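Residue numbers (the working numbering): 88 to 378.
Worksheet: the structure to be examined is printed underneath.
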């Protein structure tokens, strides 16, 4: 019996299993990343809006000013939807421009995530943002300004909406669309559950742990964005391409994580990690000095 006839089904089965595992890993990565984005962005917007609305109710400002706040929220949601379709049009540009545009967009998303991650690891960022919005609410309520509260509601929601559009659009260029969609729906459900629990007096909810876990997940997402962005710019001929550990890293599962077998992508990811570590260490040191 020819040995090749015996081995061929086994090799074919192993290849099929490897492809199936790679596809499953990519689907899971897209779903987890999509959920992490929605939980982080949605929960922060809900917390800030909740703090502002609670202040307005406690101050007895009346329904007119509250309607102004929610009017701004609705305008921000509409503007975020418009940004989504605008981004879809831009990323649907000609093939010659598409790689460069996707690359620069991915790097922009990683840069925005740098500040988001720093805030999640140091809750002072979120606390400062919430306090600034509450101070604006006090000023607008003192003036009886419906427009001021509408602008406030718009800023709170559109900031998170714009970041969501940017991150999800970049993620769709890397992961299966159905996986990202499932993650977005799961993230929306988790955010709704957390918000409802908070509204019912869930002071003991582990929000610090939720933000910390989402911070680590978004760090992995940022590294993926960097790897994808640099690779797309290499494909467009903008960055050079120096093979490095190519055979070990250039596999489908690792590509989902943005790991590519080139010196440029790995160096960019290493620099990003060092910058995040430096911000984390400096923040911890500043917190100890303040205490």
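Ideal placement from N, C-alpha and C gives every residue a C-beta, glycine not left out.
This structure is a prediction, so every number in the text was calculated from the model and none was measured.
Inset, instruction - On a CA-only basis, which of 324, 317, 350 and 137 is nearest residue 82? Give me that one, please. - result: The requested residue 82 is not part of the displayed model; the chain covers only 88 to 378.
Legend entry - Length of the line joining the Cα atoms of residue 161 and residue 240: Taking C-alpha positions only, residue 161 is separated from residue 240 by approximately 8 Å.
Inset, instruction - Tell me, to the nearest whole angstrom, how far the beta carbon of residue 170 is from that of residue 252; I am working on the premise that it is less than 8 Å. - result: 5 Å
Legend entry - contact_flag[the region 115-124, the region 258-271] where n(CB pairs < 8 Å) is 3 or more: Contact between the region 115-124 and the region 258-271 is present, because at least three Cβ pairs lie under 8 Å.
Inset, instruction - Measure the CB-CB distance between residue 314 and residue 346 and report whether it falls below 9 Å. - result: yes
Inset, instruction - Buried or exposed for residue 385, please, with buried defined as at least 16 other CB atoms from any protein chain shown within 10 angstroms of its CB. - result: The question about residue 385 has no answer, for the chain in this structure spans 88 to 378.
Inset, instruction - Pick helix, strand or coil for residue 349, following the three-state DSSP scheme. - result: strand
Inset, instruction - Run the CB neighbour count on residue 38, radius 10 Å, all protein chains shown included, and call it buried at 16 or more, exposed below. - result: Outside the shown range of the chain (88 to 378) lies residue 38, about which nothing can therefore be said.
Legend entry - For residue 152 and residue 228, believed in contact at Cβ under 8 Å, the rounded distance: 6 Å
Inset, instruction - Report yes if the C-beta distance between residue 255 and residue 281 is below 9 Å; otherwise report no. - result: no
Legend entry - C-alpha gap between residue 344 and residue 324, whole angstroms: 22 Å
Inset, instruction - Give the range of the alpha helix (DSSP H) segment to which residue 258 is assigned. - result: 233-259
Inset, instruction - Measure how close the beta-carbons of residue 156 and residue 139 come, nearest whole angstrom, since I'm counting them as under 8 Å. - result: Residue 156 to residue 139, Cβ: 7 Å. Contact.
Inset, instruction - Would you decide whether residue 319 is buried or exposed? Buried here means 16 or more other CB atoms lie within 10 Å of its CB. - result: buried
Inset, instruction - Could you work out which residue in 308, 330, 369 and 222 is closest to residue 199 when comparing CA atoms only? - result: 308
Legend entry - Alpha-carbon to alpha-carbon, residue 141 and residue 259: 37 Å
Legend entry - Neighbourhood of residue 312 by C-beta, 6 Å cutoff - its chain only, sequence neighbours within 5 removed: 193, 196, 197 and 257
Inset, instruction - Measure the beta-carbon distance from residue 124 to residue 278 and round it to whole angstroms, keeping in mind my assumption that it falls under 8 Å. - result: At roughly 11 Å, the Cβ-Cβ gap does not stay under 8 Å, so residue 124 and residue 278 are not in contact.
Inset, instruction - Run the CB neighbour count on residue 108, radius 10 Å, all protein chains shown included, and call it buried at 16 or more, exposed below. - result: Caution applies to residue 108, whose pLDDT of 39 falls short of 50 and renders its modelled position unreliable; the model cannot decide the point.
Legend entry - Alpha-carbon to alpha-carbon, residue 246 and residue 149: About 26 Å.
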